[in-house]
Amino acid sequence: MAPVRSRLLVALAALICVALTVPALAPARAAKVNAKRAPAKKAGATTCANENLVPTAKNLPQIKAAILCLNNRDRAAKGLPALKENAKLAKAAIAHSSDMVENRYFAHDAPDGSHSWDRAKRAGYMRPGQGWMVGENIAWGTDVNATPAEIHQMWMNSAPHRANILRRSFKEIGIGVVIGNPQVSPADAGATFTADFGVRR
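So for the sequence shown, my numbering puts the first residue at 132; every next one is plus one.
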């Protein structure tokens, strides 16, 4: 049997917004990554369990745990505190990944006009009168290019994505990974990732 060639189909976008009472939106940036990319693992970096696992419907908890581990590994290397999982941010992240796959778009802004902070608010993350800041990284990939190590390395190779991961003020994270992609056929190929970062004051 001839080897199956992996299709490299990966896209990224990052967003951050801050609010004391009204959100301020920084422009989202998106880029497609081609076959010449940095290796998925830095020399001497601590290995995270399942970082090279290809996402399937049965292993999404392990995929999410690996993304969290990789984020916190790189934060620790910079002397930053670890991000803690937040169920409300995870609810918002899963909803956005699912919506992108189901409605075939790749953006922070949903077709209904809602933004990352709207999703976090709907999920109950913000409270009236409370200051907050949220950031969002999104990505999708197919085959071996959808492993946590590949997705995380591409985020780290992009300034706005890296800034969200390494932002000292962020304390919490919600990770949403779903099987499928928003832009190519077959639509059930690969996986789509949303990482929502946050802090409440």
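Here a beta-carbon is modelled for each residue, glycine too, at the ideal position from N, C-alpha and C.
C-beta contact flag for residue i and residue j at 8 Å
i, j, result
"VAL232", "GLY305", "no"
"ARG235", "GLN284", "no"
"THR273", "ALA326", "no"
"LYS385", "VAL330", "Coverage of the chain is limited to positions 132 through 332, which leaves residue 385 absent and any answer about it impossible."
"PRO186", "ALA318", "no"
"ASN202", "ILE296", "yes"
"LEU220", "ALA196", "no"
7 Å CB neighbourhood of residue i in its chain, flanking five on each side removed
i, result
"LYS172", "Low local confidence applies: a pLDDT of 47 at LYS172 is under 50, so the model's placement there is unreliable, with the coordinate-based value given in what follows. Closer than 7 Å at Cβ, skipping near neighbours: ALA280."
"ASN190", "LEU184"
"ALA241", "ASP230"
"GLN193", "ASN181 and LEU184"
Spatially closest choice to residue i from the options, by CA coordinates
i, options, result
"HIS246", "ALA277, ASN203, ASP230 and PRO212", "ASP230"
"HIS292", "VAL275, GLU267 and LYS222", "GLU267"
"ARG332", "TYR256, ILE194 and SER289", "TYR256"
"GLY210", "ALA294, ARG299 and PHE328", "ARG299"
"HIS239", "TRP271, ALA208 and VAL275", "TRP271"
"ALA277", "LEU199, PHE328 and VAL309", "VAL309"
Spatial neighbours of residue i in its chain, beta-carbon cut-off 6 Å, leaving aside the 5 residues before and after
i, result
"GLY307", "ALA224, ILE225, SER228 and THR325"
"ALA254", "LYS219, LYS222 and ALA223"
"ALA174", "For ALA174, the predicted structure reports a pLDDT of 45, less than 50, and the residue's modelled location is therefore unreliable. A value from the coordinates is still provided. For ALA174, where only same-chain residues beyond five positions count, there are no Cβ hits under 6 Å."
Same chain only: Cβ atoms within 8 Å of residue i, ignoring 5 sequence neighbours per side
i, result
"ARG206", "PRO212, ALA213, LEU214, ILE296 and LEU297"
"SER316", "none"
message: Which complete alpha helix (DSSP H) runs does the segment 272-331 hold, if anything under 4 residues is left out?
response: 279-287 and 290-296
message: To test your reading of the DSSP string, which unbroken alpha helix (DSSP H) runs of 4 or more residues are found completely within the segment 193-279?
response: 218-234 and 247-253
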